[in-house]
Amino acid sequence: MKIIVLVKHVPDAQFDRHLNGERYTTDRDESILSELDEYALEAALQLAEARGGSKAGNQVIALSMGPAGAVNAVKKSLQMGATEGVHLTDDALAGSDAAATSLALAAAVQRLGQDGPVDLIITGMASTDGETSLVPAQLAERLGLPQVTFASSLDVDGGRLVARRDADTTSETVEATLPAVVSVTDQINEPRYPNFKGIIAAKRKSITTLSLADIGLDAAQVGHSGSWTTVASAEERPPRTAGTIITDEGDAGIKLVDFLAAQKLL
Amino acid sequence: MAKVLVFIDNPGTALKKSSLELLTLARSLGESVVALNGELHSSVSTTLAEYGVSTVLRPSSEDLDDYLVAPKAAYLAAAAQSTGATIVLLDNSPEGKEIAARLGIRLSAGVITDVVGVDADGTAHKSVLAGSYNTACKASTPVSVLTVKANNVVPEPAAAAGAAETVTVEVPAGSTAAAARITAREQKVASGRPDLTDARIVVAGGRGLDGDFGPVEELADALGAAVGASRAATDAGWISHDAQVGQTGKTVSPQLYISAGISGAIQQKAGMQTAQVIVAVNKDAESPVFEIADFGIVGDLFDVLPQATAEIKKRKG
Chain A
336 MKIIVLVKHV
346 PDAQFDRHLN
356 GERYTTDRDE
366 SILSELDEYA
376 LEAALQLAEA
386 RGGSKAGNQV
396 IALSMGPAGA
406 VNAVKKSLQM
416 GATEGVHLTD
426 DALAGSDAAA
436 TSLALAAAVQ
446 RLGQDGPVDL
456 IITGMASTDG
466 ETSLVPAQLA
476 ERLGLPQVTF
486 ASSLDVDGGR
496 LVARRDADTT
506 SETVEATLPA
516 VVSVTDQINE
526 PRYPNFKGII
536 AAKRKSITTL
546 SLADIGLDAA
556 QVGHSGSWTT
566 VASAEERPPR
576 TAGTIITDEG
586 DAGIKLVDFL
596 AAQKLL
Chain B
68 MAKVLVFIDN
78 PGTALKKSSL
88 ELLTLARSLG
98 ESVVALNGEL
108 HSSVSTTLAE
118 YGVSTVLRPS
128 SEDLDDYLVA
138 PKAAYLAAAA
148 QSTGATIVLL
158 DNSPEGKEIA
168 ARLGIRLSAG
178 VITDVVGVDA
188 DGTAHKSVLA
198 GSYNTACKAS
208 TPVSVLTVKA
218 NNVVPEPAAA
228 AGAAETVTVE
238 VPAGSTAAAA
248 RITAREQKVA
258 SGRPDLTDAR
268 IVVAGGRGLD
278 GDFGPVEELA
288 DALGAAVGAS
298 RAATDAGWIS
308 HDAQVGQTGK
318 TVSPQLYISA
328 GISGAIQQKA
338 GMQTAQVIVA
348 VNKDAESPVF
358 EIADFGIVGD
368 LFDVLPQATA
378 EIKKRKG
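Below, the structure is given as structure tokens:
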């Protein structure tokens, strides 16, 4: 099987995150591999391992689009066990919205399919920076593939995949033919940590760098000029400040109800 | 006048509050047209007319529900094209966002999610990076697709009720060819509580509950609220994963968020930072949740919550 996993280098949510410049792009200092993408990678590794791993010709390709630093997301993926890494990088890509991002990723997937068909593209359920969840569905639409989003389990048998997805009031079993785009939730597995062997092995794995020209796009199709949405203004919200804090002296429940009544929330 | 297309999926016999909010918003932006999927009951038809809807579109095929989103997006694209709508509004559910995603590609239209307000010129307002910025965004394309969060518009019928005409829209052939098929659907046990993402009030519990969600559920029921949970609580299996609020769960922006026994790690804060009023109950006075609470109680939730529940019941008679 040939599986592409989309991995994104995102600002660490443990720190304050900032928008910069006149176009309000995300400040990518202190970035890490998106936590939600680790589940996607783990799902791909398990599918590959169940089929005899890389010795049996299974490929797990970690693909990241982003500036120079995004290569770190690819490196971490290689340490976890991806067989190959691809870094799509070009200055013109900066500021791409979901539509432009999905265009570039679709072109990269097609390029990676030139030397053998891609069976599956797996992503996380959302990025932890933009958090729109738009890219997997848009990538599927652009590639003309079925999408299975928010999968909480995933099995592949021959040319078919079966997944389970849970919504608020229903849970569904879904089937699709391969190739397909799948996004997985954080319920699907427990991602592994890179071990010493994995870290050493990763040093010997190659990372392919692709530019816009390599995937057949030009600068006007991506970045701000290729995006279909623009950010007109962004204001940092004043941080929430602490209000009244009381210590329970036996009547805090009643004081809570008084507060709710005063706020007209009852 | 701009045409605004609102997607309403399987309303059953009554429109959800979030649908009424979309219809109210649509009317403020132009002439509202509804693209409906599923059965159109007369009660829903009446409400649509009351909300000033001029046209109700229905799909030519009835099997859209047998597939994941792709054919619904194809139907909606055909509906937008046939009506000449320049704005399409959907709810902000995971499915609403995915339909919007595919629709955006089909119409070459910019998609903006998590919208909390829309200006007359189509500029959408939303908060990003876990509530740390308020942004104004606009689609630079002829059509914009917006998914709107619940609880940001007060539903209001039109001054004068219209009479909506019904028109069938041809679902493009082949729209199911590359779609994943739903082969089984299990209804989960209904809690009778509001949906977490749409709820006006959320009561959420965490590690401090030590496995017992009773006090949280009882307070939620007294307030007519939804029940939420921290990741620690869902990972421990104390409550279903659907209840998880936070960066890897659901982002909620209710009018009132009551946090009980949750320390307020950053991912949790990220999920509820845009709530209008935050109340926190925690034994540990050092919990980060107190930094953002409008009203904080340092105390044992097993004392405070039942007392509050009893007091609410008493006052409501």
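Protein chains in written order, with our numbering: chain A, 336 to 601; chain B, 68 to 384.
We put the CB at the ideal spot given by N, CA and C, even for glycine.
Under three-state DSSP, which class holds residue i?
{"i": "residue 336 of chain A", "result": "coil"}
{"i": "residue 97 of chain B", "result": "coil"}
{"i": "residue 571 of chain A", "result": "strand"}
{"i": "residue 358 of chain A", "result": "coil"}
{"i": "residue 192 of chain B", "result": "strand"}
{"i": "residue 311 of chain B", "result": "strand"}
{"i": "residue 289 of chain B", "result": "helix"}
{"i": "residue 400 of chain A", "result": "strand"}
{"i": "residue 428 of chain A", "result": "helix"}
{"i": "residue 76 of chain B", "result": "strand"}
{"i": "residue 524 of chain A", "result": "coil"}
{"i": "residue 370 of chain B", "result": "helix"}
{"i": "residue 540 of chain A", "result": "coil"}
{"i": "residue 260 of chain B", "result": "coil"}
{"i": "residue 284 of chain B", "result": "helix"}
{"i": "residue 324 of chain B", "result": "strand"}
{"i": "residue 500 of chain A", "result": "strand"}
{"i": "residue 167 of chain B", "result": "helix"}
{"i": "residue 354 of chain B", "result": "coil"}
{"i": "residue 157 of chain B", "result": "strand"}
Would you check if the distance between the CB atom of residue i and the CB atom of residue j is smaller than 8 Å?
{"i": "residue 176 of chain B", "j": "residue 563 of chain A", "result": "yes"}
{"i": "residue 540 of chain A", "j": "residue 430 of chain A", "result": "no"}
{"i": "residue 116 of chain B", "j": "residue 231 of chain B", "result": "yes"}
{"i": "residue 436 of chain A", "j": "residue 460 of chain A", "result": "no"}
{"i": "residue 390 of chain A", "j": "residue 372 of chain A", "result": "no"}
{"i": "residue 457 of chain A", "j": "residue 340 of chain A", "result": "yes"}
{"i": "residue 82 of chain B", "j": "residue 111 of chain B", "result": "yes"}
{"i": "residue 338 of chain A", "j": "residue 454 of chain A", "result": "yes"}
By DSSP's criteria, residue i is part of a beta bridge. Which residues make up the other side?
{"i": "residue 466 of chain A", "result": "Residue 466 of chain A pairs with nothing; no bridge assigned."}
{"i": "residue 108 of chain B", "result": "None; residue 108 of chain B has no bridge partner."}
{"i": "residue 419 of chain A", "result": "A:396"}
{"i": "residue 344 of chain A", "result": "A:368"}
{"i": "residue 126 of chain B", "result": "B:236"}
{"i": "residue 134 of chain B", "result": "B:248"}
{"i": "residue 495 of chain A", "result": "A:492, A:512"}
{"i": "residue 362 of chain B", "result": "A:579, B:346"}
What's the gap between the Cα of residue i and the Cα of residue j?
{"i": "residue 307 of chain B", "j": "residue 332 of chain B", "result": "20 Å"}
{"i": "residue 317 of chain B", "j": "residue 294 of chain B", "result": "12 Å"}
{"i": "residue 205 of chain B", "j": "residue 344 of chain B", "result": "29 Å"}
{"i": "residue 377 of chain B", "j": "residue 121 of chain B", "result": "48 Å"}
{"i": "residue 479 of chain A", "j": "residue 418 of chain A", "result": "26 Å"}
{"i": "residue 173 of chain B", "j": "residue 189 of chain B", "result": "20 Å"}
{"i": "residue 534 of chain A", "j": "residue 414 of chain A", "result": "5 Å"}
{"i": "residue 328 of chain A", "j": "residue 574 of chain A", "result": "The question about residue 328 of chain A has no answer, for chain A in this structure spans 336 to 601."}
{"i": "residue 338 of chain B", "j": "residue 269 of chain B", "result": "12 Å"}
{"i": "residue 416 of chain A", "j": "residue 408 of chain A", "result": "13 Å"}
{"i": "residue 481 of chain A", "j": "residue 144 of chain B", "result": "17 Å"}
{"i": "residue 524 of chain A", "j": "residue 489 of chain A", "result": "10 Å"}
{"i": "residue 442 of chain A", "j": "residue 128 of chain B", "result": "33 Å"}
{"i": "residue 254 of chain B", "j": "residue 309 of chain B", "result": "14 Å"}
{"i": "residue 520 of chain A", "j": "residue 472 of chain A", "result": "15 Å"}
{"i": "residue 512 of chain A", "j": "residue 275 of chain B", "result": "45 Å"}
{"i": "residue 411 of chain A", "j": "residue 529 of chain A", "result": "8 Å"}
{"i": "residue 305 of chain B", "j": "residue 364 of chain B", "result": "24 Å"}
{"i": "residue 179 of chain B", "j": "residue 506 of chain A", "result": "27 Å"}
Taking all protein chains shown into account, decide if residue i is buried (16 or more other Cβ within 10 angstroms of its Cβ) or exposed.
{"i": "residue 494 of chain A", "result": "exposed"}
{"i": "residue 380 of chain B", "result": "exposed"}
{"i": "residue 195 of chain B", "result": "buried"}
{"i": "residue 463 of chain A", "result": "buried"}
Which bits of chain E does residue i rub up against, with CB to CB less than 9 Å?
{"i": "residue 378 of chain B", "result": "Annotation note: the requested chain E is absent from the structure, which comprises protein chains A and B."}
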